[in-house]
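Following: one structure in structure tokens, then a few remarks.
There are 2 protein chains.
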Amino acid sequence: MTRPIVDDERAARLILAANVGDPARIGAQVERDGAVAVLDRLRRQPGPFQAPLRAANIEQVQADADRCAARIVVVGDRQWPSQLNDLGRAAPLALWVIGAGDLRLLALRSIAVVGARAATAYGLSVAEMFAAGLVQAGWTVVSGGAYGIDGSAHRGTLIAGGTTVCVLAGGVDVAYPRGHQALLARIADEGLLISQSPPGTAPQRHRFLTRNHMIAALTRATVVVEAALRSGTTATANAAFALNRPVLAVPGPIHSAASAGCHVLVRERGAMLATRVEDVLELVSPMGLGPEPVGAPTLPLDELPPTQARVLDAFPTRRAVDLETLCAQVGLGAGQVLSALGGLQARDLVISHPQGWQLRH
Amino acid sequence: MTRPIVDDERAARLILAANVGDPARIGAQVERDGAVAVLDRLRRQPGPFQAPLRAANIEQVQADADRCAARIVVVGDRQWPSQLNDLGRAAPLALWVIGAGDLRLLALRSIAVVGARAATAYGLSVAEMFAAGLVQAGWTVVSGGAYGIDGSAHRGTLIAGGTTVCVLAGGVDVAYPRGHQALLARIADEGLLISQSPPGTAPQRHRFLTRNHMIAALTRATVVVEAALRSGTTATANAAFALNRPVLAVPGPIHSAASAGCHVLVRERGAMLATRVEDVLELVSPMGLGPEPVGAPTLPLDELPPTQARVLDAFPTRRAVDLETLCAQVGLGAGQVLSALGGLQARDLVISHPQGWQLRH
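Just so you know, the sequences run in chain order A and B.
Quick note: the first sequence uses the working numbering, first residue 338, plus one each step.
Quick note: the second sequence uses the working numbering, first residue 338, plus one each step.
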């Protein structure tokens, strides 16, 4: 149970997240007007194609989450992984999370290991090897829970005693694929299951694409172990490229269709060739000084994104401030200010209070 | 039997080539003073470490070549592959050639396919596949005649009915490795055996390095199929990089030591990943208009290398001119002028006569 920081806005986000399948559809509105206003509009003008709200109020949303032992994390919450804000309007409105770990801390030091469902024995063993090596270096392995490479990445992490995060396309309580029911249960016990879809959601086609984008955004780098040409995996890689996250691809035999996507990523997209775990580590810790999490308080203030800089400037020196005041001060919508607060919090520049937000000294 | 163009200089080069194992040792002197002067010095002052000349005169050099049905090609000869001049002082003084094909024309449209002796079944099949594909596109395949990838490249070319050039480290009459005796005999029949070592020379260690440089210089691009780390094959690739020739490397399983050198070439040296023959063809014919030989008369005169431009300027408009006159005119040594003439001839700007050289109109 996460403490609600700014009750109305947070609750409105949760209700929207629990009811609107595709956040990209209303992301722009939430960013401009804040979730309260968007939800209000939705309630008053459901429109001809708008189904009645599935979870009409915060109590129901929370009860649905409780039923599957999930917690809900939204921007501004301490566990919110602020790198998801890089997705802009396509950022999730909320995440349902099952598992004991701290999502924000795990994500800050995470690598995606993804690939084809129709993987070869070679690819499966490589995925397991990379996962084990990343665990040994202290990294969390993120993948999509699918058959093939994803499954091997999760299993290799668990076998090596590491922490793995599985990003699901459907609800966190929907075991998909069915054959991975036991694996997903173990991940729930020892790692994290997360999803931007509310509990009970079936994993429809478009949710896989959104899921792939989230994997790319959540992690420091994406390792593609095997991928067919023009596959869901190359879509994850493309999302990572678009977000300026490093992409690495594992080579394989040239006759293997399962490696063809990897080879194209290297030759045509500029992905790095990954043959050893060290190739990944070198890329995420370029100075060879060991990996360093993103968002750590190393960024000079004058390199802050403009919105974050504006919000930071609006803070009183010692007192706490509430969201409404901040919005009025900077002249931005609640959604944008909350996004900025998430980023400032991830950089340890501000902290959240029951009364609002305060500068960290 | 090649007609001697400029008897003294050519003969002196042949005698030097037949006696001096490592042309780099005297290349600078020949370039500065011409072969006649260098040979003269060598004959008068053999020095304490200088063995007596093995082939003391041109008749003996020619007889040695005749005995193994080899012809000798030097810079300025019509079959001289002028791209070897890119090796500068390390360029061969002469080449011994067995086989019916035109060395210059074949080399202009040739690709090196090279790799590890300790190749895998995968590598052998890939080498054969690339060779066959290059043949189909009308290219000559050059390799080093060694066990493993080289052998497969030659065999794949022959099986596909193409022409293959084998660059040997020892003499053209020395079947090395012994197990390739039949293969080398077939290459002599259907392709070319070439070497910068005189007949009878054993393939010593340093000659393999020189051979590898020549393979890189002779060809439009080098395809590395399999290579161990820090191997003779990576030396060939490094020579190609140094000569600004494109290098392509074939990926393989990351557990395979035979592919490790290829992966390093891609990741650390900028070699292109080669998974299909088309990847090679695209690189040597960048406009997709089909391959175009180097040295074709497409280079504008004002882009000629400075020495070639000076030599070209020194030509009389209609008459033929001999080497001595040209040297006096441009104030350069016979070796440099001969190199320049080789380049001008390859560009079809000058032609050679029994009386010397003449502008082509």
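Glycine residues also receive a C-beta, built at the ideal position from the N, C-alpha and C atoms.
Could you check what DSSP says for I591/A in three-state terms: helix, strand or coil? coil
Proximity test, Cβ basis, 7 angstroms: F467/A and chain B: F467/A does not count as touching chain B.
Per the DSSP calculation, Q695/A is bridged to which residue(s)? I688/A
Short of 6 angstroms in beta carbon distance, which residues of its chain neighbour L474/A, apart from the five on each side in sequence? Order them along the chain. Before going on, a small fix: residue 474/A reads as Ala here, not Leu. Apart from sequence neighbours up to five positions away, the residues of its chain that approach A474/A with a beta-carbon distance below 6 angstroms are L618, ordered along the chain.
Can you pull the chain A residues whose beta carbon is under 7 angstroms from the beta carbon of P590/B, in chain order? Y459, G589, P590
Taking the alpha carbon of A402/B as the reference point, which residue from L376/B, V373/B, I435/B, G371/B has its own alpha carbon closest? I435/B
According to DSSP, is V373/B helix, strand or coil? helix
What do you reckon, is the C-beta of D370/A under 6 angstroms from a heavy atom of the ligand FAD? Ligands are entirely absent from the displayed structure, and the ligand FAD is therefore not among its contents.
Taking 8 angstroms as the cut-off, does the segment 535-543 of chain A touch the segment 560-576 of chain A (at least 3 CB pairs, one atom from each stretch)? no
Given C405/A as reference, the closest of A365/A, A372/A, G508/A, Y459/A once Cα atoms are compared: G508/A
Could you spell out where the beta strand (DSSP E) holding F651/A opens and where it closes? According to the sequence displayed, residue 651/A carries Ala and not Phe. Segment: none, A651/A is in no beta strand (DSSP E) and carries neither H nor E.
Under a CB-based cut-off of 7 angstroms, is H517/A close to chain B? no
Counting contacts by CB-CB distance shorter than 7 angstroms, is R369/B in contact with chain A? no
So, are the CB atoms of A665/B and Q692/B less than 7 angstroms apart? no
Do you know whose CA, among A577/A, A564/A, G413/A, N581/A, lies nearest A594/A's CA? Nearest neighbour of A594/A by Cα position, chosen from A577/A, A564/A, G413/A, N581/A, turns out to be A564/A.
By the 10 Å Cβ neighbour count, where 16 or more other Cβ atoms means buried, how is E605/A classified, buried or exposed? exposed
Is A428/A near L421/A, with beta carbons less than 7 angstroms apart? yes
Contact criterion: CB-CB distance below 7 angstroms. Does H690/B meet it with respect to chain A? no
Taking R697/B as the reference, which of A455/B, A577/B, L649/B has the closest Cα? With distances taken between CA atoms, R697/B lies nearest to L649/B out of A455/B, A577/B, L649/B.
As a quick exercise: from T477/B, C599/B, N394/B, pick the residue whose alpha carbon is nearest that of D439/B. T477/B
Please determine, among P514/B, R369/B, S622/B, D370/B, the residue with the shortest C-alpha to C-alpha distance to L445/B. Of the candidates P514/B, R369/B, S622/B, D370/B, the residue whose Cα lies closest to the Cα of L445/B is S622/B.
Count the other CB atoms, across all protein chains shown, that sit within 10 Å of the CB of H517/A; report buried if there are 16 or more and exposed otherwise. buried
With a cut-off of 7 angstroms, does the C-beta of T612/A fall near any C-beta of chain B? Flagged as an interface residue toward chain B: T612/A, by a C-beta distance shorter than 7 angstroms.
Would you list the one or two residues that DSSP bridges to T573/B? T573/B is not bridged to any residue.
Would you say R604/B reaches chain A, if we count a Cβ-Cβ gap shorter than 7 angstroms as a contact? yes
State whether the segment 499-508 of chain B contacts the segment 544-551 of chain B, with contact taken as three or more CB pairs (one from each stretch) at a distance under 8 angstroms. yes
What are the start and end residues of the beta strand (DSSP E) that includes R408/A? 408-410
With 16 other Cβ atoms within 10 Å as the buried cut-off, status of V631/A: With a pLDDT of only 44 at V631/A, under 50, the local geometry of the prediction cannot be trusted, and no value is derived from it.
Which of helix, strand or coil DSSP assigns to S596/A: helix
Using a Cβ-Cβ cut-off of 7 angstroms, state whether H600/A counts as contacting chain B. yes
Which class does V502/A belong to by DSSP, given the choice of helix, strand or coil? strand
Proximity below 7 angstroms, CB of V463/B to CB of T494/B: no
I need the straight-line Cα distance from P341/A to G680/A, nearest angstrom please. Only weak support exists for where P341/A lies, its pLDDT of 42 falling under 50; the value from the coordinates is given anyway. Cα-Cα distance, rounded: 18 angstroms.
Rounded to whole angstroms, what is the Cα-Cα separation between T339/A and I409/A? For T339/A, the pLDDT reaches just 43, beneath the cut-off of 50, and the residue's location in the model is therefore unreliable, although a value from the coordinates is still provided. Taking the straight line joining both Cα atoms gives about 7 angstroms.
Which residues bound the beta strand (DSSP E) around V434/A? From DSSP, the beta strand (DSSP E) with V434/A extends over 432-435.
Find the residues of chain A that neighbour V463/B, judging by a C-beta separation of less than 7 angstroms, and give them in chain order. I591
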